[in-house]
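Asker:
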Amino acid sequence: MPRHKLIASESDVSIEVDEGKDNEFSLYYVEVEENSKGGKEKQATRDGKRRRERNGEVSRRRASEKRSTEMGNKRAEKKHDKHHKTTRKEGEKDRKRPRRRNADEEEAEEESSKEKKNIKNERTKTVKLEDEKEKDVKKKRKKHVKNDEDDANPGKTKQKDCQEVALKEKKKKRRKPETTSESESHSESNSDAESKDNQAVGVLGSLTPEELEQLKEAVDERKKLITTLKGKPWPMKKKLVILRESQEFVEKYEGALGKGKGRKLYAYKVLMMKKWMKFQRDLENFKTACIPWEMKIKEIESHFGSSVASYFIFLRWMYGINMILFGLTFGLVMVPEALMGKPYGSMPRKTVPRVEEASAMNFAVLWDFGGYAKYSVLFYGYYNNQRAIGWLKFRMPLSYFLVGVGTVAYSYMVVIRTMARNANEEGGGDDTSFNFSWKTFTSWDYLIGNPETADNKFASITTSFKEAIVEEQESRKDDNIHLTRFLRVLANFLVLCCLAGSGYLIYFVVRRSQKFALEGLENYGWWERNEVNMVMSLLGMFCPMLFDVISTLENYHPRIALQWQLGRIFALFLGNLYTFIIALMDAIQLKRAEEEIVKKNMTIWQANLYNGTVPDNSTALPITVHPADVPRGPCWETMVGQEFVRLIISDTMTTYITLLIGDFLRAVLVRFLNNCWCWDLEYGFPSYSEFDVSGNVLGLIFNQGMIWMGAFYAPCLPALNLLRLHVSMYLQCWAVMCCNVPQERVFKASGSSNFYMAMLLVILFLSTLPAIYTIVSIPPSFDCGPFSGKNRMFDVIQETLETDFPAWFSKVFSYASNPGLVLSFLLLLVLAIYYLQSTSKTYKRVNMELKKKLQTQNEENKRKNKLAALKAANELEQAKKAGEQCSNSASDLGVNEESSSIDEAGHHRQAGQNGRLIHPSQSQDTQNSEPPVSSAHTTTRPPASRGHTASGHLPGHPQKNAHSNRR
Amino acid sequence: MGGTSSKLPKDLLSEYQVRRTHNIFSELQDRENGPYSSRVSMEKVLTLPELKSNPFRKRICHVFSTSDMKDGSLSFEDFLDLLSAFSDSATLEIKSHYAFRIFDFDDDGTLDARDLEKLVNSLTGETDDTRLTAEEMRQLISNILEESDIDKDGTVNLSEFQHVISRSPDFVR
């Protein structure tokens, strides 16, 4: 029987293991059992010695009882022989596959080849023995019906247990050798099997490298199977069985691949590897258990679809990043300064000035961050320029600078890494020729668990189908396209107007606020002071709504519409942010002018101080003035930090208030006024609000941009942001679940995650620009902050190099930083980038070509497979007929081997075509038809096969089969 | 077909998740009235909030069930299969394989016009106002077949299905 034919796909391998003629052999073993007891002591020696030359055997016949003792001892190994055999077949089949071989395995080559040889010998020997004994066994079998019941258990689930039980009982199940390949080895092994006494005379040189390769391949194959098992569309039971078998196999033979001393080490290595894997798995489990808000997000996902959930996932990701930023600033800047720096009130920069003392504890401090908050670790100005603080000699200014740089660097790294990962995942999706099929096959959002959402989804799918059909018809007519185009242009024009208007408004407000600032803010009320922030927040609130209205004109697919919407709001926010920054720059210039004046006054003040009190003794200690009374500069850095903090706070407040009024209050009103209103509020005009994904995402992104911009001047910003994100997580989760309705056009947002990331990257870049500009080009204030007294902030690096490192280091550094080297380095970088870019382009092109090739080949294969399928169908028909005949005439024992073999082949081909397990009992039926008793037995236990596999021959299956083979 | 069933395990089932899954499963078992069995009937599985509103819920049960009775009842292993196929980390191959079998209403290994019609009908819901008219349906199915039936035999088979679906931006991987 052509066994190699049976192994049509990998899935067949496991099937073969336990079907077949278990009965005979189990009986046979029972018989052999008695003889085997004496043979155990031999085992240890034999293990090492069983090396034989395959061809050089002379002795032909041995006493059968000696053989049978041998058999008993080798029982444990036989099981693996079987695995080995099957995998070896696979190995042969897949010889063409590129094999991974490392030096380790090469080393172990000889040892494994011996092992391999042993295995082969054993196998062939047993085969031979079985063959010989078969006739006797057959006679006995009829008497031992009882044993049949034990062993002929067809249940797949139990096959494992049965094996174990059988092992314990020393009644090992054996499968009858039934393949041609094996019968070949029969004849060839006749010589092998007889030559037991020659065991010690192992000749290594005669071992073919193929065999050892096969073993290695088999082990590799198993390992690969274990790793890829998760990715196979098999039922869990089958996976479990295969996994266990493969693991056993690998365990057995992997250990054997080492040699001598190395073997122990190897075993240790394997053990450690296992422990490490276990640890990793535990860690993974722990991590999964630690993901915060998972349940909340899943719940929202089930109610609102994945697009809304994507916002919350993004929010959570943002929270993680801010956690790290917070850790950096808090651990390396704020805490050291608070613990080891000079305490509050010890110097002017750490004290509230006399003028502000009266209002320093006002309630407004909470959102204004003036008063005591301004003169604390929260802001840049509080930090001292002392080089090293505390007993740790903590380099405060250096740490401050490096944390500022590190924050930005970390953010860049994370964003770019995430983008790269997302880009990897996206891949395909290049051609859009499957419009309708995609709509049909992938439009359902499997995350929806809410009936109402499901209804909306049904409706939206119907609409999309109808639209697609209409569009298809229209695209042939090309009629309405002009109107759509006109509307789209109009919409864009309107949006541009909005943007320009908002830009002008902000510009106007900023100019006005400068005027106010020049005249002194004290004369104006709350509105005038917070005008810029408020206008920005209000614009950010209302413009997106306007855009939303405008975008209905355009009639885009929701996903495209979302991207347009995002792009527009992005432009709006960006304009607002940059106007704000320009205004800030102006303010910085003003402050610096003021600083110059203060500096001059300072010298006069000092002179007055000394002149007035200590006229004669200039060497005496300077008079102690309370630090609050010392005149000081305006400290523009703290001002900038404060502005950002205020912006964040007002932004947060607007978000929350919008949420409460726009969502909650509206929902309450609609809900309770609906009973006494003249039209239907719930489905009419106000209705409930939908969750605005794009606006919220952009809000989040811009908020983060402000954090990045301001974090250098206000170390408290990440902490504040963390708080804000935490609160929004809960508040928005609650608001979404309690007062929003699912979107009417529910759509999936899987593709937009990288879009968010791209925007985040742009914002990150745009927000680091001004920060870097201020750090590099504006000299720090003379009397506040960690860099006071220096010409530029980055001088702190120079200072550290000079004082904290040995002299040669700064020398080397100065050499390395001379323009010639730096320029050439930059040139090299540019070249490298250019090279990488061009290679990636080439790869892309090659990839596309390969794809095309694959496609054409696929089509060709399909045509071929069609033919093959027809052929297979015919054969199957024949096989079935033959099978029926066989079972009908199944009274004789040695009945038509041929027909049953055909039958089995047919069955197996079918199994291969199905790409899944065929139940052993199916083929067992035909085989066990020989003994009437056992066949009756199998009929009492119906196969637990899956319903769909029993549906007969499938015309499409050869393709599937080919597919699985190709893998 | 995308993502996970909500509230249920996210990663390709780890030990922790298997434990959680088992909890859910035994909860379902408890709800089962009548004698204790290792299987949970389809009706009980369908009470899971994740499947409640899914138009393919019955198909899903049938596809994953290994029951002899073809009643869609699930054993724990079947249930695990179901969850791992729907989990975020299931491979494209697993997902497309099971998606194909879910869509293959008559279990004949190909998606023919009748399968597609049933599929579209489940997608558009059961009410009359969301259903497509016969003309629209005919048009839609012919369009689908035109696109994805590469070998032009009037049906969509698994490899064609995978070919189409793997290029979709909506197919969550």
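If you're matching them up, the sequences are chains A and B in order.
The opening residue of the first sequence carries number 1 in full-length UniProt numbering; numbering runs sequentially from there.
The opening residue of the second sequence carries number 1 in full-length UniProt numbering; numbering runs sequentially from there.
C-beta: ideal position from N, C-alpha, C; glycine also.
Quick caveat, the model's predicted, so the values are computed rather than measured.
Tell me, please, whether the CB atom of S689/A is closer than 8 angstroms to any CB atom in chain B?
Answerer: no
Asker: Using a C-beta to C-beta distance shorter than 8 angstroms, which residues of chain B count as neighbours of W444/A?
Answerer: M1, N54, P55, F56 and L123
Asker: Can you name, in chain order, every residue of its own chain whose Cβ lies under 8 angstroms from the Cβ of S694/A, other than the five neighbours on each side?
Answerer: P544, L562, Q565, L566 and I569
Asker: Determine the direct distance from the alpha carbon of K591/A to that of I797/A, and round the result to whole angstroms.
Answerer: 26 angstroms
Asker: Taking the alpha carbon of A218/A as the reference point, which residue from K841/A, F326/A, K252/A and V241/A has its own alpha carbon closest?
Answerer: That would be K252/A, whose Cα lies nearest to the Cα of A218/A.
Asker: Flag this pair as yes or no: are the beta carbons of F123/B and T440/A separated by less than 8 angstroms?
Answerer: A small fix is needed here, since residue 123/B is Leu in this sequence, not Phe. Going by C-beta atoms, L123/B is nearer than 8 angstroms to T440/A.
Asker: For the putative contact between V40/B and L74/B, defined by C-beta atoms under 8 angstroms, what is the C-beta separation to the nearest angstrom?
Answerer: 5 angstroms
Asker: Using DSSP with H/G/I as helix, E/B as strand and the rest coil, what is residue 215/B?
Answerer: Residue 215/B lies beyond the stretch modelled for chain B, which goes from 1 to 173, so this question has no answer here.
Asker: On the DSSP letters alone, give me the boundaries of the alpha helix (DSSP H) that H626/A sits inside.
Answerer: Counting along the chain, H626/A falls outside any alpha helix (DSSP H), and DSSP gives it neither H nor E.
Asker: Between which two residues does the alpha helix (DSSP H) harbouring R671/A extend?
Answerer: R666 to L673
Asker: Answer yes or no: does any C-beta atom of chain B fall closer than 8 angstroms to that of S307/A?
Answerer: no
Asker: Listed in chain order, which residues of the stretch 74-87 of chain B have Cβ atoms closer than 7 angstroms to some Cβ of chain A?
Answerer: E77, L80, D81 and F86
Asker: Determine, using beta carbons only, whether E160/B and I141/B come nearer to each other than 8 angstroms.
Answerer: no
Asker: Is the Cβ of A113/B closer than 8 angstroms to any Cβ of chain A?
Answerer: no
Asker: On a CA-only basis, which of T774/A, L574/A, F672/A and Y713/A is nearest G705/A? Give me that one, please.
Answerer: L574/A
Asker: Of the residues S399/A, R845/A and V741/A, which one's Cα is nearest the Cα of M334/A?
Answerer: S399/A
Asker: Helix, strand or coil, according to DSSP, for I569/A in the structure here?
Answerer: Three-state DSSP puts I569/A in a helix.
Asker: What residue range is occupied by the uninterrupted alpha helix (DSSP H) comprising Q386/A?
Answerer: Careful: Q386/A lies outside any alpha helix (DSSP H) and carries neither H nor E.
Asker: What do you reckon, are the CB atoms on F712/A and G341/A nearer than 8 angstroms?
Answerer: no
Asker: Strictly by DSSP, which residues pair up with E690/A?
Answerer: V741/A.
Asker: Taking the Cβ atom as the reference point for each residue, do V408/A and W708/A lie within a distance shorter than 8 angstroms?
Answerer: yes
Asker: Would you mind sorting F542/A into buried or exposed? The rule is 16 or more other CB atoms within 10 Å of its CB.
Answerer: Under this definition F542/A is an exposed residue.
Asker: Is residue 230/B close to chain A? Criterion is C-beta to C-beta, closer than 8 angstroms.
Answerer: Here chain B covers residues 1 to 173 and nothing more, so residue 230/B does not appear.
Asker: Using only the alpha-carbon positions, how far apart do R421/A and I597/A sit?
Answerer: 54 angstroms
Asker: Residues in its own chain within less than 8 angstroms of R167/B by CB, not counting five upstream and five downstream?
Answerer: none
Asker: May I have the straight-line CA-CA distance separating L572/A from Y507/A, to the nearest angstrom?
Answerer: 13 angstroms
Asker: Going by other Cβ atoms of all chains shown within 10 Å of its Cβ, with 16 needed for buried, is I661/A buried or exposed?
Answerer: exposed
Asker: How would you label Q743/A, buried or exposed, when you count the other beta carbons within 10 angstroms and need 16 or more for buried?
Answerer: Taking a 10 Å sphere around the C-beta of Q743/A, we find 16 or more other C-beta atoms and assign the residue as buried.
Asker: Does chain A have any CB closer than 8 angstroms to the CB of L119/B?
Answerer: yes
Asker: Could you tell me the distance, in whole angstroms, from the CA atom of P336/A to the CA atom of F25/B?
Answerer: C-alpha separation (whole angstroms): 52 angstroms.
Asker: When you compare only the Cα positions, how much space is there between F672/A and V741/A?
Answerer: 16 angstroms
Asker: Grouping DSSP H, G and I as helix and E and B as strand, with all else coil, what is T442/A?
Answerer: helix
Asker: Taking Cβ positions only, does I24/B come closer than 8 angstroms to chain A?
Answerer: no
Asker: Hey, is E136/B close to the ligand ZN, as in C-beta under 7 angstroms from one of its heavy atoms?
Answerer: Inclusion of the ligand ZN in the displayed structure is not the case, the ligand content being empty and no account of it being possible.
Asker: Using DSSP with H/G/I as helix, E/B as strand and the rest coil, what is F394/A?
Answerer: strand
Asker: Does the stretch 622-636 of chain A touch the stretch 341-355 of chain A, meaning 3 or more C-beta pairs lie closer than 8 angstroms?
Answerer: yes
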